[in-house]
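Protein chains: 2
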Amino acid sequence: MSDVAERAGVSKMTVSRVLAGRNVSQATREKVQKVIDELGYVADAAAGALSSGRSEFVAVLVPSLSSSNFSDTVRGLNAALTPHGLQLLLGDTAYSLEQEELLVRSMLRHQPRCVALTGGRHTDATRALLQRAGIPVVEMWDLPSDPIDTVVGFSNSAAARAMVRHLHERGYRRIGFIAGASELDRRGADRARGYVAEIRALGLGEPRVIRLGESPITMSHGGPAISALLEAWPDTDAVMCVSDMSAFGAIMECHRRGLSVPGDIAVAGFGNFEVSWCCQPSITTVSVDAYGIGRRAGEMLLAALAERETGAAPQRRKAAKIDFSVIARDSA
Amino acid sequence: MSDVAERAGVSKMTVSRVLAGRNVSQATREKVQKVIDELGYVADAAAGALSSGRSEFVAVLVPSLSSSNFSDTVRGLNAALTPHGLQLLLGDTAYSLEQEELLVRSMLRHQPRCVALTGGRHTDATRALLQRAGIPVVEMWDLPSDPIDTVVGFSNSAAARAMVRHLHERGYRRIGFIAGASELDRRGADRARGYVAEIRALGLGEPRVIRLGESPITMSHGGPAISALLEAWPDTDAVMCVSDMSAFGAIMECHRRGLSVPGDIAVAGFGNFEVSWCCQPSITTVSVDAYGIGRRAGEMLLAALAERETGAAPQRRKAAKIDFSVIARDSA
DNA sequence: TTGAAAGCGATACCAT
DNA sequence: ATGGTATCGCTTTCAA
Numbered sequence: 001m002s003d004v005a006e007r008a009g010v011s012k013m014t015v016s017r018v019l020a021g022r023n024v025s026q027a028t029r030e031k032v033q034k035v036i037d038e039l040g041y042v043a044d045a046a047a048g049a050l051s052s053g054r055s056e057f058v059a060v061l062v063p064s065l066s067s068s069n070f071s072d073t074v075r076g077l078n079a080a081l082t083p084h085g086l087q088l089l090l091g092d093t094a095y096s097l098e099q100e101e102l103l104v105r106s107m108l109r110h111q112p113r114c115v116a117l118t119g120g121r122h123t124d125a126t127r128a129l130l131q132r133a134g135i136p137v138v139e140m141w142d143l144p145s146d147p148i149d150t151v152v153g154f155s156n157s158a159a160a161r162a163m164v165r166h167l168h169e170r171g172y173r174r175i176g177f178i179a180g181a182s183e184l185d186r187r188g189a190d191r192a193r194g195y196v197a198e199i200r201a202l203g204l205g206e207p208r209v210i211r212l213g214e215s216p217i218t219m220s221h222g223g224p225a226i227s228a229l230l231e232a233w234p235d236t237d238a239v240m241c242v243s244d245m246s247a248f249g250a251i252m253e254c255h256r257r258g259l260s261v262p263g264d265i266a267v268a269g270f271g272n273f274e275v276s277w278c279c280q281p282s283i284t285t286v287s288v289d290a291y292g293i294g295r296r297a298g299e300m301l302l303a304a305l306a307e308r309e310t311g312a313a314p315q316r317r318k319a320a321k322i323d324f325s326v327i328a329r330d331s332a
Numbered sequence: 333m334s335d336v337a338e339r340a341g342v343s344k345m346t347v348s349r350v351l352a353g354r355n356v357s358q359a360t361r362e363k364v365q366k367v368i369d370e371l372g373y374v375a376d377a378a379a380g381a382l383s384s385g386r387s388e389f390v391a392v393l394v395p396s397l398s399s400s401n402f403s404d405t406v407r408g409l410n411a412a413l414t415p416h417g418l419q420l421l422l423g424d425t426a427y428s429l430e431q432e433e434l435l436v437r438s439m440l441r442h443q444p445r446c447v448a449l450t451g452g453r454h455t456d457a458t459r460a461l462l463q464r465a466g467i468p469v470v471e472m473w474d475l476p477s478d479p480i481d482t483v484v485g486f487s488n489s490a491a492a493r494a495m496v497r498h499l500h501e502r503g504y505r506r507i508g509f510i511a512g513a514s515e516l517d518r519r520g521a522d523r524a525r526g527y528v529a530e531i532r533a534l535g536l537g538e539p540r541v542i543r544l545g546e547s548p549i550t551m552s553h554g555g556p557a558i559s560a561l562l563e564a565w566p567d568t569d570a571v572m573c574v575s576d577m578s579a580f581g582a583i584m585e586c587h588r589r590g591l592s593v594p595g596d597i598a599v600a601g602f603g604n605f606e607v608s609w610c611c612q613p614s615i616t617t618v619s620v621d622a623y624g625i626g627r628r629a630g631e632m633l634l635a636a637l638a639e640r641e642t643g644a645a646p647q648r649r650k651a652a653k654i655d656f657s658v659i660a661r662d663s664a
């Protein structure tokens, strides 16, 4: 920057102002910009951050980067935040709260302006870290009862219950559920709990739950899972899956077995992924706006940031409830 | 850090050394660590970067975050680099070279240790910026003739030609190709070119190319595309798709039309995505190890970094050719 | 093994 | 509208 200043015959401060786009006369600005371009000068963000005490980072933690719903959420966050000059610092927790804690700690070193987390469960240390950092936090994809700060999500359990009711209304009575094997995926586990609760509420007998495969649940888990389900409860007439991915895998397995969907067995998914409406038969599912969750979360963080900027009284914590809806298609 | 130093009764330097895990006596280390934990102290990475002149960032640019092959590549990079304390700075170029330039410029501000780009084409300004930065660069998913630095990729054109030959060997003679509408996806365009070249080489008549949909090409593009193809050339007996996603969409459309795959028409994909082997019929495709590309790219960057560390003579630029192979399945 | 001082490259703040 | 100076929090370097 000194170089630029010298060559342009101005002070460093003026160069800094040109870069920030603040009160500088047209003539000076052009003169300085010319030198910047000639030299290919790129300002050092670390120095800027140190000096101003604020970075342009937003820490974002998702359970998996290769799961289409979370990458859609990341796109939403990106869309909301990038125009404001913010840079996402992305972390993949692999569905582990410990990994999340590690990543939060590491990201906090970069003094992010705010943090977006997935889910409503975190280690105590994570919460403490975030508390101490004193920056806006948003939790996504869930509705925790004890939020850290703001929330953008929905009740996974309620969404699953809605699907059970849908299947019940369609006349299905012997409904199974295909879940992941571990409790690491809290949202998946919540869906399973919602299924069980509604099955009980409707008096549909004992829940039929198959737990199979590590998160993220993918297409390839669906086949073995529905096989196991039909083995355990051969008279099952409908299957709910924790995700459209496994629903698709389950339907493909039905094709292989010569079972018609929904004729012989109905299959429902969750998430309204692209495959659910491209698949033949199209898959009945719960629609959740993954991109919208990210977008909304981004907007809430921006609002919180703006609030601090203006020194307004810290509003009370907000929770944005995201709508979900059962989309009836061919498969159930 | 001063706080910690004071409370622990040592100097700032000692605290710094504890954090870096360098020559500090066991007793001092424990004493300092205790204070750090008590205070919940988190070192400021920006200050560290400024002082040491080196960050822990790696800039990574992909055309799309919500495309499973690129997110697999990102996972590979992450797996290779994270254990070395490096932090990915992820950018989504939306298949635009201009956007890529913008992101490179913005990321260079953080003084990344190295850069991973997708594809072999970039604006002149991007190349100049990277040149000036003087840090290791890797280009992925392609084999450019004029690489910036190192390369981890394969020839998309050769891969497409291999698939044409496979279909030819299987007896198909009237082979079409489903591509995206724009040239923005260079790798997709290369595949289309490879298809045309091989069709010509084998004397299979005029190429039959349908260009439809913006990148990233998804499942929903496949149905309309194969419809258009069959409208233009009703006697087509095999279709190659630029991606497994569109191949899947095309197959689903065939089901809807009552066409059997591959009986009435064969369909081949590209990428060996999960859907290609879960789908019924399973999809013949070109297998490319997306995760491996990322992993390998990460390792090459680490090697380049280590080289500079030791001050070794800058090796000549390396290009790692990634294998691809045609996987024959049920659909073609 | 530990400490003191200098400085990394920008911005905030106050002057002019 | 522009410039001078202190300073952000750490690491490097050198000394003890």
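So the sequences go chain by chain: P and A. Just so we're aligned: the first sequence equals residues 1 to 332 in the working numbering. Just so we're aligned: the second sequence equals residues 333 to 664 in the working numbering. Just so you know, even glycine gets a beta-carbon here, dropped at the ideal spot from N, CA and C. Predicted model, so just to flag it, every value in this text is computed and none were measured.
Work out the CA separation of residue j and residue i for me, nearest whole Å.
i: Asp576(A); j: Met245(P); result: 16 Å
i: Thr433(A); j: Arg193(P); result: The sequence given here has Glu at residue 433(A), not Thr. Glu433(A) and Arg193(P): Cα-Cα distance of roughly 48 Å.
i: Gly21(P); j: Val10(P); result: 16 Å
i: Gly423(A); j: Asp37(P); result: 23 Å
i: Ala306(P); j: Met300(P); result: 10 Å
i: Ala290(P); j: Ala250(P); result: 23 Å
i: Met107(P); j: Glu471(A); result: 27 Å
i: Ala268(P); j: Met551(A); result: 19 Å
i: Gly263(P); j: Ile178(P); result: 19 Å
i: Val137(P); j: Arg127(P); result: 10 Å
i: Asp3(P); j: Ile148(P); result: 46 Å
i: Arg361(A); j: Thr346(A); result: 8 Å
i: Ile293(P); j: Leu499(A); result: 44 Å
i: Glu6(P); j: Val24(P); result: 17 Å
In chain order, what residues of the same chain have a beta carbon less than 8 Å from the beta carbon of residue i, not counting five sequence neighbours either side?
i: Glu56(P); result: Ala45, Ala49, Gly85, Leu86, Gln87 and Arg113
i: Arg329(P); result: Ser276, Trp277, Pro281, Ser282, Ile283, Thr284 and Thr285
i: Asp569(A); result: Tyr504, Arg505, Arg506, Ile507, Ile597 and Ala598
To which residues of the same chain is residue i closer than 6 Å at the C-beta, ignoring the five residues directly before and after it?
i: Pro207(P); result: Val196 and Ile199
i: Val394(A); result: Phe402 and Thr450
i: Ser325(P); result: Ser287
i: Ala160(P); result: Arg191, Gly194 and Tyr195
i: His255(P); result: none
i: Ala43(P); result: Leu19
i: Val115(P); result: Ala59 and Val137
Is it buried or exposed for residue i, if we count other Cβ within 10 angstroms and need 16 for buried?
i: Ala225(P); result: buried
i: Met163(P); result: buried
i: Arg317(P); result: exposed
i: Arg75(P); result: buried
i: Met240(P); result: buried
i: Gln358(A); result: exposed
i: Asp72(P); result: buried
i: Arg437(A); result: exposed
So residue i is in the beta strand (DSSP E); what residue range does that whole segment cover?
i: Thr150(P); result: Thr150 to Gly153
i: Leu536(A); result: Unbroken run through Leu536(A): none, as it is neither H nor E.
Report all residues from its chain with a CB closer than 7 Å to the CB of residue i; omit the five preceding and five following residues, and keep chain order.
i: Ser399(A); result: Pro548
i: His122(P); result: Leu97 and Glu100
i: Asn410(A); result: Leu420
i: Cys279(P); result: Phe248 and Ile251
Are residue i and residue j close, meaning C-beta to C-beta below 9 Å?
i: Leu351(A); j: Gly630(A); result: no
i: Ile542(A); j: Leu516(A); result: no
i: Val152(P); j: Arg296(P); result: yes
i: Val58(P); j: Leu103(P); result: no
i: Arg132(P); j: Gly372(A); result: yes
i: Leu544(A); j: Gly512(A); result: yes
i: Asp474(A); j: Asp522(A); result: yes
i: Ile327(P); j: Asn272(P); result: yes
i: Ser260(P); j: Glu214(P); result: no
i: Gln443(A); j: Arg497(A); result: no
Which residue comes first and which comes last in the alpha helix (DSSP H) that contains residue i?
i: Gln463(A); result: Asp456 to Ala465
i: Ser325(P); result: Here Ser325(P) belongs to no alpha helix (DSSP H); instead the beta strand (DSSP E) covers Phe324 to Ile327.
i: Thr14(P); result: Lys12 to Ala20
i: Thr360(A); result: Gln358 to Leu371
Is any heavy atom of the ligand ATP found at a distance shorter than 8 Å from the C-beta of residue i?
i: Pro83(P); result: The ligand ATP is not part of this structure, which contains no ligands at all.
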